[in-house]
């Protein structure tokens, strides 16, 4: 069931570019926040345990909001929900180092995670609608813009740190600029059909069952692997491969860069090959590349291997989000929220799982979780529903 949208060819083209920018801005916010997690620790004088609760609060907020995201988008429309969530998200980023104590910080992190979640479901719902309106896949490119934004956000804040710009000014500037652009760009999103008595009967959140449950579990596997690489790859290269930290950072850059490039290529590949075949190939590539990295312990092999891991994981989420939005019986927003409620849990479970395994075995053994999850993806690719061939000739181009 596709999102109910309407618009002229020019409006569709404008909405596509606006949505690309909205994905990029979300990546910039995520990148800036990731760089400044140590800053939050320092400002509030937190221990590692207290800091972990801050991160868990954001994750809990993100997962909890998924239960209402579909309803909010159904009532407000995707573009209004994105605008409201974007403003609140930017405000929380601006204020993150200004709260009077630890408890207000935790509450703010719940709001921060919640607004990111609603915003994310909104722009993914828009992406699904644009695919239906234009008759060709664009989700890979949209998620590629998120990866580009994350790299830009991290690079920008790292540069500002080198220039000794204050943390408060950095986060305030990013928060204000992001909020303004989210409101402006959301005005070019496609208008969704208003909620009618009939559409109000359609659930705006559904408990993941059947095909949705399978999609959610596969997204959980993919996001767990992606989260492990984001959180632990630099430490692995520094601690286990004995690379200096500045060179170890190149390994993560290779991972993120390859993921961004492959996500831009994903849409072309999705038009030419079966999504089941692509998901199976992605899982095999990720598992083999990560296994080679862990077995070699060689710096150059590790950096190249991380690039292949990024390329392998790049298409997993775009493919599975698109597949979930095609499951009949619910709206795309509700379907994406449902599978995300499982998938995003990977970001809560992944880091402590790796830490526990590393503490009792080794970080090398813990990173083997990526091999396991990638293998699961490859073996489960046949559960992905194939796209229907639509007679969409003559539909407007989204380029």
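In the working numbering, the protein residues as written are -12 to 386. Even for Gly, the Cβ is constructed at its ideal location relative to N, Cα and C. Bear in mind that the values here come from a model prediction, so they are computed numbers and not experimental data.
Check for me: the alpha helix (DSSP H) holding residue i runs from which residue to which?
i: residue 308; result: 303 to 312
i: residue 317; result: It is not in any alpha helix (DSSP H) - residue 317 carries neither H nor E in the DSSP assignment.
i: residue 390; result: Lying before the first or after the last residue shown, residue 390 is absent from the chain, which here runs from -12 to 386.
i: residue 262; result: 262 to 283
i: residue 196; result: Where residue 196 is concerned, there is no enclosing alpha helix (DSSP H), given that its DSSP letter is neither H nor E.
i: residue 18; result: -4 to 22
i: residue 348; result: Note, residue 348: premise wrong, no alpha helix (DSSP H); not H, not E.
i: residue 434; result: Because the chain here runs from -12 to 386, residue 434 falls outside it and cannot be looked at.
i: residue 299; result: 286 to 300
i: residue 73; result: 65 to 82
Would you decide whether residue i is buried or exposed? Buried here means 16 or more other CB atoms lie within 10 Å of its CB.
i: residue 255; result: exposed
i: residue 227; result: buried
i: residue 90; result: exposed
i: residue 181; result: Since pLDDT at residue 181 reaches only 45, below the 50 mark, its modelled position is unreliable, and no value is offered.
i: residue 348; result: exposed
i: residue 144; result: buried
i: residue 32; result: exposed
i: residue 360; result: buried
i: residue 285; result: exposed
i: residue 157; result: buried
i: residue 125; result: buried
i: residue 152; result: exposed
i: residue 80; result: buried
i: residue 99; result: buried
i: residue 92; result: buried
To the nearest whole angstrom, what separates the beta carbons of residue i and residue j, a pair I think is in contact under 8 Å?
i: residue 134; j: residue 14; result: 6 Å
i: residue 372; j: residue 198; result: 6 Å
i: residue 210; j: residue 331; result: 7 Å
i: residue -1; j: residue 120; result: 5 Å
i: residue 364; j: residue 281; result: With a Cβ gap of about 18 Å, residue 364 and residue 281 do not count as contacting.
i: residue 105; j: residue 52; result: 5 Å
i: residue 127; j: residue 305; result: 4 Å
i: residue 293; j: residue 242; result: 4 Å
i: residue 253; j: residue 176; result: In fact, because the Cβ distance is near 22 Å, the residues do not count as touching under 8 Å.
i: residue 235; j: residue 224; result: 4 Å
So, is the C-beta of residue i closer than 8 Å to a C-beta in chain D?
i: residue 365; result: Any reference to chain D falls outside this structure, which holds one protein chain only.
Whose C-beta lies closer than 6 Å to the C-beta of residue i among residues of the same chain, with five residues either side of it excluded?
i: residue 362; result: 274
i: residue 77; result: 162, 165 and 166
i: residue 38; result: 28
i: residue 187; result: Model confidence at residue 187 stands at a pLDDT of 48, short of 50, so the residue's coordinates are unreliable and nothing is read from them.
i: residue 298; result: 245 and 249
i: residue 18; result: 137, 140 and 141
i: residue 314; result: 198, 199 and 322
i: residue 423; result: Outside the displayed span of the chain (-12 to 386) sits residue 423, for which this structure offers no information.
i: residue 257; result: 124
i: residue 146; result: none
Excluding the 5 residues preceding and the 5 following residue i in the sequence, name in chain order all residues of the same chain whose CB lies nearer than 8 Å to its CB.
i: residue 200; result: 329
i: residue 356; result: 211, 212, 215, 337, 340, 341 and 344
i: residue 11; result: 132, 133, 135, 136 and 139
i: residue 85; result: 155
Once you ignore the five residues that flank residue i on each side, which residues in its own chain have a CB closer than 7 Å to its CB?
i: residue 288; result: 279 and 280
i: residue 21; result: 141
i: residue 369; result: 263
i: residue 59; result: 68 and 105
i: residue 72; result: 102, 105, 106 and 109
i: residue 208; result: 360, 363 and 364
Original post:
Fully enclosed by the stretch 86 to 123, which alpha helix (DSSP H) runs are 4 residues long or longer?
Top reply: 89 to 121
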